[in-house]
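Our numbering applies: residue 1 is where the sequence shown begins, and numbers increase by one. Glycine included, each C-beta is placed from N, C-alpha and C at the ideal position.
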Amino acid sequence: MSGPAESFWAALPLGRDVALLAADANGLGALAKPSGTLSHPNESRDQPRALLTVPYDQATESYQWNGDTGAGRLWLLNRLDSATSGVILVAADAALAAEIRAHFKRKQVTKIYQALVFGKPPRTTDVWKDLLAVQKKGGQIRTSASAGHVPAECQMRVIASRGTGSDARSLLQLEPRTGRSHQLRVQCAKRHLPIVGDQTYGDFRRNRDFAKRAGTKRLFLHSLSTRFEYTWQGRSWRFAATAPLPEEFSAALR
């Protein structure tokens, strides 16, 4: 059994500025999600600003539509906060979707993020380990790095830095080894390295000043790449996708 034809991927009802990054022979794909786009709509009125501009079924975690070329369905495999840009995975087959979701749960997927932060880490590489408290209330998620019991770990590497003192900014590469809600945003903030544009855990005054100078209020957190190996129908497969770092990240370091 093979995956869908190329025409399936070409005809996807993608949201504004969403792009197909990769698709393999089994029906596994990766999309580039812009900042501000929803991984999925919570209500029908959210559809115009979602990954796909069609109805989403919460129970099966899949998009469903009827188009000129017939009915279509696409399963969502992971999520990004609406403010976060970058790689997000999808599948055109329900069984394949279940297999890749299990990979995520078994922590067999390598994800690399890049973040622009205020400040400069004291070391160019580090492993961050914290105990987080994650609360879900009224449809909102809030994570704290104090009085928690949920372990969170991340490998950090400094890519570039500019400025000094309160004007310092750094581009960090972050590889989470755990997948907690808002983990990277909270771990950065705890180390006095708030992500630029973070309206929940960030430095509001510096966000405001930066937005005036740069002309953008986006969250400067980007899911750069995802890679893993998986077994499907008796064969081993490798999958990798990279979403280029948006230009505004480089511009902020000039």
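Worksheet item: In angstroms, rounded to a whole number, what distance separates the CA positions of G163 and G86?
Response: By 1-based counting over the sequence shown, the position of residue 163 is 163. By 1-based counting over the sequence shown, the position of residue 86 is 86. Going by the C-alpha atoms only, they are around 26 Å apart.
Worksheet item: Helix or strand or just coil, what does DSSP make of L96?
Response: Translated into the one-based positions of the sequence shown, residue 96 becomes position 96. Three-state result, L96: helix.
Item to complete: Could you check which residue in G15, P48 and N26 has the C-alpha nearest to that of P34?
Response: Within the sequence shown, numbered from 1, the residue matching residue 34 stands at position 34. From the listed residues G15, P48 and N26, the smallest Cα separation to P34 is found for G15.
Fill in: Selection from Y230, S225 and L253 that minimises the alpha carbon distance to G27
Mapped onto the sequence shown, residue 27 falls at position 27. Nearest C-alpha to G27: Y230.
Discussion item. Closest to P122 by C-alpha separation, out of T143, V158 and V90, would be which residue?
Written reply: Numbered from 1 along the sequence shown, position 122 holds the residue referred to as residue 122. Out of T143, V158 and V90, V158 has the C-alpha closest to the C-alpha of P122.
Item to complete: Measure the C-alpha to C-alpha separation of R213 and E248 and round it to an integer number of angstroms.
Response: Residue 213 sits at position 213 when you count from the first residue of the sequence shown. Residue 248 sits at position 248 when you count from the first residue of the sequence shown. Here the alpha carbons of E248 and R213 stand approximately 12 Å from one another.
Worksheet entry | Meets three-Cβ-pair contact criterion under 8 Å: the region 213-225 and the region 106-115 | Inter-segment contact for the region 213-225 and the region 106-115 is present: three or more beta-carbon pairs are separated by less than 8 Å.
Worksheet item: Quick one, are the C-beta atoms of Q187 and W237 less than 8 Å apart?
Response: To locate residue 187, count along the sequence shown from 1; it is residue 187. To locate residue 237, count along the sequence shown from 1; it is residue 237. With respect to W237, Q187 sits apart: the two C-beta atoms are not nearer than 8 Å.
Worksheet entry | P194 versus G202: straight-line alpha-carbon distance, rounded | By 1-based counting over the sequence shown, the position of residue 194 is 194. By 1-based counting over the sequence shown, the position of residue 202 is 202. Taking the straight line from one Cα to the other gives about 5 Å.
Worksheet item: Are the CB atoms of A189 and L171 nearer to each other than 8 Å?
Response: On the sequence shown, position 189 is the one that residue 189 refers to. On the sequence shown, position 171 is the one that residue 171 refers to. No. Outside cutoff.
Worksheet item: Given a threshold of 16 other Cβ atoms within 10 Å of its Cβ, counted over all protein chains shown, does I100 qualify as buried or as exposed?
Response: As a position in the sequence shown, residue 100 is number 100, starting the count at 1. Answer is buried; the Cβ neighbour count reaches 16.
Worksheet entry | Under 8 Å between C-beta atoms of L52 and L12 | By one-based count along the sequence shown, residue 52 stands at place 52. By one-based count along the sequence shown, residue 12 stands at place 12. With contacts defined as CB atoms closer than 8 Å, L52 and L12 qualify as a contacting pair.
Worksheet entry | Residue ranges of each beta strand (DSSP E) within the region 162-239, 3 or longer | Complete beta strand (DSSP E) runs here, min 3: 169-176 and 221-232.
Worksheet item: Alpha carbon to alpha carbon, what distance is there between E6 and G148?
Response: Numbered from 1 along the sequence shown, position 148 holds the residue referred to as residue 148. Numbered from 1 along the sequence shown, position 6 holds the residue referred to as residue 6. Cα to Cα, the separation comes out at about 47 Å.
Discussion item. Taking its Cβ as the centre, do 16 or more other Cβ atoms sit within 10 Å of S62, making it buried, or is it exposed?
Written reply: As a first step, residue 62 is located in the sequence shown; it is residue number 62 there, counting from the start. The residue in question, S62, is buried, as its Cβ has 16 or more Cβ neighbours within 10 Å.
Fill in: Proximal residues to R185 (C-beta, below 6 Å), its chain only, five neighbours per side dropped
Position 185 of the sequence shown, counted from the start, is the residue given in the question as residue 185. Correct list, in chain order: I195, D198 and Y201.
Worksheet item: Is it true that the CB of V18 sits closer than 8 Å to the CB of T37?
Response: Start at 1 with the first residue of the sequence shown, and residue 37 comes out as number 37. Start at 1 with the first residue of the sequence shown, and residue 18 comes out as number 18. In this structure, V18 lies closer than 8 Å to T37 by Cβ.
Worksheet item: Just checking my contact of L131 with V117 at CB under 8 Å: how many whole Å lie between their CB atoms?
Response: Taking the sequence shown and counting its residues from 1, one reaches residue 131 at position 131. Taking the sequence shown and counting its residues from 1, one reaches residue 117 at position 117. That pair is no contact at about 21 Å.
Worksheet item: Cβ atoms of L174 and I88: under 8 Å apart, would you say?
Response: Within the sequence shown, the letter at position 88 stands for residue 88. Within the sequence shown, the letter at position 174 stands for residue 174. Not a contact, by the Cβ cut-off of 8 Å.
Item to complete: Apply the 10 Å Cβ neighbour rule to A97 and answer buried if 16 or more other Cβ atoms are within range, or exposed otherwise.
Response: Start at 1 with the first residue of the sequence shown, and residue 97 comes out as number 97. With 16 or more other CB atoms across the displayed protein chains lying within 10 angstroms of its CB, A97 is buried.
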